[in-house]
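My numbering applies: residue 297 is where the sequence shown begins, and numbers increase by one.
So the structure is just underneath, and the comments pick up after that.
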Amino acid sequence: MTHGLLGGGYPLREKNAAFDKPIEPLPPPPRVVLPMPLQGGVPCRPGVKAGDYVTVGQKIAEGLPAVHTPIAGRVSTVSPQVQPSGTSVLSVVVDNDFSGALCPAVRPPENPDRLTARQLLSLLESSGITEWNAPHLPIHKKIAAGMGRADTVIINACESEPYLAANNRLALEYPEQLLGGAGVLARLYGVDRVHIALEREKREAIQVLRAKIQELRAPAVVDALSLRYPQSAEKPLCRALTGRRTPPGASAAAIGCAVVDAPAAAALYEAVFHGRPLTHRIVTVAGSGIQAPRNLLCPVGVPIRFLLDACGGVDPKTFKILLGGPMTGHAQYDMDAPLDSSAAAVLAFCADEERSSAHPRCIRCGRCVSVCPVGLRPVVLYRYEQAGRLDRLRQAGLADCIECGACTYVCPGRAPLLQSFRTAKERLGKEEA
């Protein structure tokens, strides 16, 4: 049984040319840029220096999350490098020698089926796996926080934003890994079955998963949901599957739910049964500005320009390139910025799709209030942000905003609501630091 979603809507479903494209490995890039995790706002110290030789899967930083190199080669520099956020962060730059030499430490653990929960968490900590929607949240920390509290475990394979196709291809082409991850989660949380949520429009993926569940007798069940945005966000997804509403300021664990993104679940299987750390992810490269849309298996840290080149480059009329989905993605200005582990897509859009306004304004129509999936009043938050009233923003519940962008999508005055709320959150974070 599925339940209704508070707010939300149905964004225009652009024809996704990548939806039926099989996953292809990105040609080996000449270099990768691996930023160091921030610990208390300060980058952690890398375990390598310029001139060192590294191999595939080698741990080069002990931060949270741990960082592993996806290629073999020589460290050319350890210095600040531009990131998708526009800031510069201390990073390790590795030049590829194209040997593909594997680190000796990358090997399957003995008797993975007999590992205790504590041993599994320790293994996941060293693997560097993060939540795909929260690249700075190590997966072992999220799992540990929900153990003993969650009675409903959900693998989120939904993609309610237009253009995205990576989760669909993952379910179609790697169902064993996804179900293997479900088995690991069932052991950790102590549940009989794990829910795999995806939209009912992914009919082929649903059939493949259900057949594979029967074949493997996996502790999982497939839940087919309506295609409604932002149903793929954690709190709306929990409500859709269980009918439980997450209280303001609380996480899904407060209502007995645990949600893990599909790519992270597959990575759990790779870490537990094959000893492979997080080094790659599936990325959809699509949009009207892309010559040949594809789904690529990419090493983390590859500069964005290499994904664009692998898809035939971009149309000369392209006005914006996004890292992430069209609703929540971040515009990029430097194509040398590296792909991070949270990026599900690289999208390019041509000039005839420009919808922004040089003179945005709020006409107080209330549409943003009707679509907010967590019951906020974006019109009020926007007024406080424009006035610089951080105290009022805090009182009005800005921290509960899930940054889905539904309010921006429906605004007839083209007010940059999502961008304003992100800026306000950054200002609040700096004030509280």
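Note that the Cβ used here is the ideal one computed from N, Cα and C, for glycine as well.
Could you give the residue range of the beta strand (DSSP E) that holds residue i?
i: Asp391; result: Ser384 to Asn392
i: Asn591; result: Arg590 to Pro595
i: Cys646; result: Ala641 to Cys646
i: Val374; result: Gly369 to Val378
i: Arg673; result: Looking at the DSSP string, Arg673 is not in any beta strand (DSSP E), and its letter there is neither H nor E.
i: Asn452; result: Thr448 to Asn452
Could you work out which residue in the options is closest to residue i when comparing CA atoms only?
i: Arg293; options: Val352, Tyr680, Arg414 and Val706; result: Residue 293 lies beyond the residue range present for the chain, which begins at 297 and ends at 729; the question has no answer from this structure.
i: Val385; options: Met443, Thr351 and Ala633; result: Ala633
i: Arg370; options: Pro321, Pro595 and Asp348; result: Asp348
i: Leu398; options: Gly442, Arg414, Thr351 and Ile356; result: Thr351
i: Pro458; options: Val487, Tyr525, Ala501 and Asp409; result: Tyr525
i: Gly725; options: Leu689, Leu714, Leu713 and Pro708; result: Leu689
i: Ala695; options: Pro712, Gln682, Glu728 and Ala711; result: Glu728
i: Ser422; options: Leu713, Gly571, Gln682 and Leu460; result: Gly571
i: Leu474; options: Ala501, Leu416 and Tyr485; result: Ala501
i: Leu686; options: Lys508, Gly424, Arg663 and Ser716; result: Ser716
i: Leu713; options: Lys721, Thr719 and Thr704; result: Thr704
i: Met332; options: Pro318, Ala357, Val344 and Ile319; result: Ala357
i: Ala736; options: Leu619, Arg660, Glu649 and Met631; result: A query on residue 736 cannot be resolved here, the shown segment of the chain reaching from 297 to 729 and no further.
i: Ala720; options: Ala711, Arg710 and Tyr678; result: Tyr678
i: Glu406; options: Phe569, Arg541 and Gly353; result: Phe569
i: Val344; options: Arg663, His491 and Ser372; result: Ser372
i: Val596; options: Gly353, Phe315, Arg660 and Leu334; result: Gly353
i: Glu427; options: Ser638, Asp447 and Ala413; result: Ser638
i: Thr542; options: Ala654, Gly671, Thr383 and His491; result: Gly671
i: Pro708; options: Thr383, Asp409 and Gly662; result: Gly662
i: Lys317; options: Arg506, Arg710 and Val581; result: Val581
Going by beta-carbon coordinates alone, are residue i and residue j separated by less than 8 angstroms?
i: Leu419; j: Ala567; result: yes
i: Leu466; j: Ala563; result: no
i: Val579; j: Leu635; result: yes
i: Val388; j: Pro434; result: no
i: His364; j: Leu592; result: no
i: His576; j: Pro366; result: yes
i: Arg445; j: Gly552; result: yes
i: Pro544; j: Gly693; result: yes
i: Gly442; j: Ala549; result: yes
i: Leu512; j: Cys454; result: no
i: Asp605; j: Gln587; result: no
i: Val556; j: Ile451; result: yes
i: Ile698; j: Ala462; result: no
i: Gln628; j: Pro325; result: no
i: Ala647; j: Lys613; result: yes
i: Ala368; j: Gly424; result: no
i: Val667; j: Arg673; result: no
i: Leu523; j: Glu497; result: yes
i: Ile439; j: Leu417; result: yes
i: Val676; j: Cys658; result: no
i: Pro476; j: Tyr565; result: The amino acid occupying residue 476 in the given sequence is Gly; Pro does not appear at that position. Yes, these two residues count as a Cβ contact at 8 angstroms.
Starting from residue i, trace the alpha helix (DSSP H) in both directions and tell me its first and last residue.
i: Phe569; result: Ala558 to His570
i: Glu530; result: Glu530 to Thr538
i: Glu320; result: Careful: Glu320 lies outside any alpha helix (DSSP H), inside the beta strand (DSSP E) at Ile319 to Pro321.
i: Leu481; result: Pro471 to Tyr485
i: Leu714; result: Leu713 to Glu728
i: Glu511; result: Arg499 to Leu512
i: Val667; result: Arg663 to Val667
i: Val706; result: Ala702 to Val706
i: Leu686; result: Leu686 to Gln691
How close, in whole Å, do the beta carbons of residue i and residue j come, if the pair is a contact with beta carbons under 8 angstroms?
i: Arg327; j: Asp391; result: 5 angstroms
i: Leu521; j: Gly583; result: The Cβ separation is near 25 angstroms, so there is no contact.
i: Ala478; j: Pro515; result: 6 angstroms
i: Val517; j: Leu322; result: About 33 angstroms separates the two Cβ atoms, so there is no contact after all.
i: Pro589; j: Ala313; result: 4 angstroms
i: Pro471; j: Pro669; result: Their Cβ separation, rounded to whole angstroms, is 29 angstroms, which puts Pro471 and Pro669 out of contact at 8 angstroms.
i: Val504; j: Leu468; result: 6 angstroms
i: Val449; j: Val487; result: 5 angstroms
i: Gln527; j: Ser456; result: 5 angstroms
i: Arg601; j: Met631; result: 4 angstroms
Tell me, please, which residues DSSP counts as bridged to residue i.
i: Lys437; result: Note: Lys437 sits in no beta bridge, so no partner.
i: Asp519; result: Ala493
i: Leu398; result: Val352
i: Lys616; result: Phe645
i: Ile586; result: Val610
i: Leu330; result: Val388
i: Arg577; result: Cys594
i: Gln335; result: Val338
i: Pro634; result: Pro599
i: Gly357; result: Just to set this straight, residue 357 is Ala in the shown sequence, not Gly. Val363, per the DSSP bridge assignment.
i: Glu626; result: According to the sequence shown, residue 626 is His rather than Glu. Paired residue(s): Leu619.
i: Ala554; result: Val449
Any beta carbon from chain D within less than 8 angstroms of residue i's own beta carbon?
i: Tyr349; result: The structure shown contains no chain D; it holds only a single protein chain.
Is any heavy atom of the ligand GTP found at a distance shorter than 7 angstroms from the C-beta of residue i?
i: Thr719; result: This structure lacks the ligand GTP; in fact it carries no ligand of any kind.
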